[in-house]
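Throughout the sequence shown, residue numbering follows full-length UniProt numbering, covering 1 to 348 in sequence.
Every residue, glycine too, gets a C-beta built ideally from N, C-alpha and C.
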Amino acid sequence: MASLLFSAIMLLILFNLASALHRKIPTTLDGPFGPVTVPFDQSLRGNAIDLPDSDPRVRRRVKGFEPEQISLALSATYDSVWISWITGESQIGYHINPLDPKMVRRPILPHKARGYSLVYNQLYPFKGLQNYTSGIIHHVRLTGLKPSTIYYYRCGDPSIPAISEIYSFKTMPVSGPRSYPERIGIVGDLGLTHNMTTTISHLIGNKPDLVLLIGDVTYANLYLTNGTSSDCYACSFPHTPIHETYQLRWDYWGRVMQNLVSKVPIMVVEGNHEIEEQVESQKFVAYSSRFAFPSEESESPSTLYYSFKAGGIHFIMLGAYIAYNETGLGLKRKHNINFCPLSCAYMT
Ligand SMILES: *[C@@H]1O[C@H](CO)[C@@H](O)[C@H](O)[C@H]1NC(C)=O
Ligand SMILES: *[C@@H]1O[C@H](CO)[C@@H](O)[C@H](O)[C@H]1NC(C)=O
Ligand SMILES: *[C@@H]1O[C@H](CO)[C@@H](O)[C@H](O)[C@H]1NC(C)=O
Ligand SMILES: *[C@@H]1O[C@H](CO)[C@@H](O)[C@H](O)[C@H]1NC(C)=O
1 MASLLFSAIM LLILFNLASA LHRKIPTTLD GPFGPVTVPF DQSLRGNAID LPDSDPRVRR
61 RVKGFEPEQI SLALSATYDS VWISWITGES QIGYHINPLD PKMVRRPILP HKARGYSLVY
121 NQLYPFKGLQ NYTSGIIHHV RLTGLKPSTI YYYRCGDPSI PAISEIYSFK TMPVSGPRSY
181 PERIGIVGDL GLTHNMTTTI SHLIGNKPDL VLLIGDVTYA NLYLTNGTSS DCYACSFPHT
241 PIHETYQLRW DYWGRVMQNL VSKVPIMVVE GNHEIEEQVE SQKFVAYSSR FAFPSEESES
301 PSTLYYSFKA GGIHFIMLGA YIAYNETGLG LKRKHNINFC PLSCAYMT
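As structure tokens, this is what we get:
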């Protein structure tokens with residue numbers, strides 16, 4: 001009896017502790033804290049199951065040239081933010097026809113922002129392999145923003161009309177020794193699995209100001225171009241003429257992520273899963289085309305490394321796939337890029 005009561009009290013205390021922890025996760029502003037490590041929970045081991053092509057969360061929900069896969073990235077300083085989105089359908093198969101990136105571009109007032117649009121291809125000059133061409137990818141940089149301020153925006157082309165709903169984001173605080181974003185979510189090896197959707201829900205629930213994705217994004221390179229996948233590419237497909245990918249996984253990923261990254265900026269740096277070698281030994285093409293990076297703003301010649309400020313923190317994103325003595329890959333310039341004023345309305 002006594003011991004029963006004791007365990008009941010213990011449980012109660014534990015419960016209170018858990019709910020207190022749940023109520024208040026400390027922020028960077030409550031710090032500084034000593035480093036804390038938590039032992040790995042072995043129950044988390046196990047196979048992560050990919051979201052299948054048929055999952056409604058990965059399917060295209062927009063019509064015509066309406067924007068989708070909307071995402072935000074920081075520029076080098078608080079006063080500037082990148083907005084990215086995709087219009088038009090990607091294609092995969094034996095006869096693909098790249099879209100013209102100039103098709104969708106009207107600026108809208110009162111605040112129009114300059115940006116560029118592009119399509120990228122993932123091409124395999126081998127018999128039986130399918131080629132891919134993306135939808136039109138738009139990257140627009142907003143400038144002249146105030147710190148710690150909520151901005152509302154829509155993107156798209158009002159002349160078609162194909163314009164997004166209204167989204168909002170908050171700019172970073174000014175850079176200074178006592179000025180920090182409250183919460184930063186850091187994830188890596190995300191993939192596109194049922195388990196990843198749990199991770200994203202946790203992230204959203206904890207209201208981060210900024211998310212860092214430190215490599216290994218979609219794992220589209222665990223697939224063949226015909227959509228067959230394996231947990232171990234080299235074991236299952238030892239004889240493919242090149243390490244294939246299934247680029248539609250990138251579109252799926254962009255759709256699943258929109259809920260988070262249309263409101264919270266995400267800063268990405270490459271991992272080995274983004275190499276995705278294709279025709280003419282080109283590498284990192286999907287990675288470099290789909291995300292906006294503050295490379296130019298931080299004087300990096302490459303999408304593979306760059307830096308930016310978030311309040312009093314200066315982040316240096318150092319990818320491991322470029323030699324220190326190489327001056328950039330000029331990845332973006334290789335593709336069909338259209339520099340023009342793009343449609344993206346925003347207001348405080
Ligand atoms: C991953 O998701 C699958 C499917 O929902 C689930 O069965 C499995 O337990 C999850 N794995 C982990 C480690 O949470
Ligand atoms: C894919 O593109 C490559 C490079 O242009 C080309 O050699 C190959 O024939 C294309 N494959 C198909 C099936 O069209
Ligand atoms: C894809 O190609 C692999 C290897 O040639 C083959 O085993 C598999 O059945 C194909 N899958 C589909 C869906 O065609
Ligand atoms: C960079 O350094 C490596 C190792 O010394 C060398 O092989 C490579 O040619 C260099 N690249 C350039 C662009 O100088």
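When the Cα atoms are used, Pro-173 and Phe-315 turn out to be separated by approximately 14 Å. Spanning the alpha carbons of Tyr-120 and Tyr-151 requires a straight line of approximately 30 Å. Bounds of the beta strand (DSSP E) holding Ser-307 are 305-310.
Looking only at Val-256, Glu-66, Ala-73, the smallest Cα-Cα distance to Gly-88 is reached by Glu-66. For a cut-off of 8 Å, the C-beta gap from His-95 to Ser-117 is around 23 Å, too long to register as a contact. Cβ neighbours of Ile-136 within its own chain (closer than 7 Å, five residues either side excluded): Ile-86, Thr-87, Gly-88, Leu-99, Pro-101, Met-103, Val-104, Ser-117, Val-119. Within the stretch 214-300, the runs of beta strand (DSSP E) at least 3 residues long that lie entirely inside it are, in chain order, 266-268. Under the three-state reduction of DSSP, Gly-93 is assigned to strand.
Annotation for Ser-179: Pro-173, Gly-311, Gly-312 place their beta carbon closer than 7 Å to its own, counting only its chain and skipping 5 residues before and after.
Sorting Ser-71, Gln-278, Val-38 by C-alpha distance to the C-alpha of Val-140 places Ser-71 at the top. Relative to ligand 2, the beta carbon of Tyr-94 is positioned inside 7 Å of a heavy atom. Look at Leu-192: its beta carbon is at least 7 Å from all of the heavy atoms in ligand 1. For Asn-131, the enclosing beta strand (DSSP E) stretches over residues 131-133. Not one heavy atom of ligand 3 falls within 7 Å of the beta-carbon of Leu-145.
Straight through space, the alpha carbons of Gln-42 and Glu-182 are spaced by roughly 30 Å.
For Asn-47, the secondary structure class from DSSP, reduced to helix, strand or coil, is coil. Taken through DSSP and simplified to helix, strand or coil, Met-172 comes out as coil.
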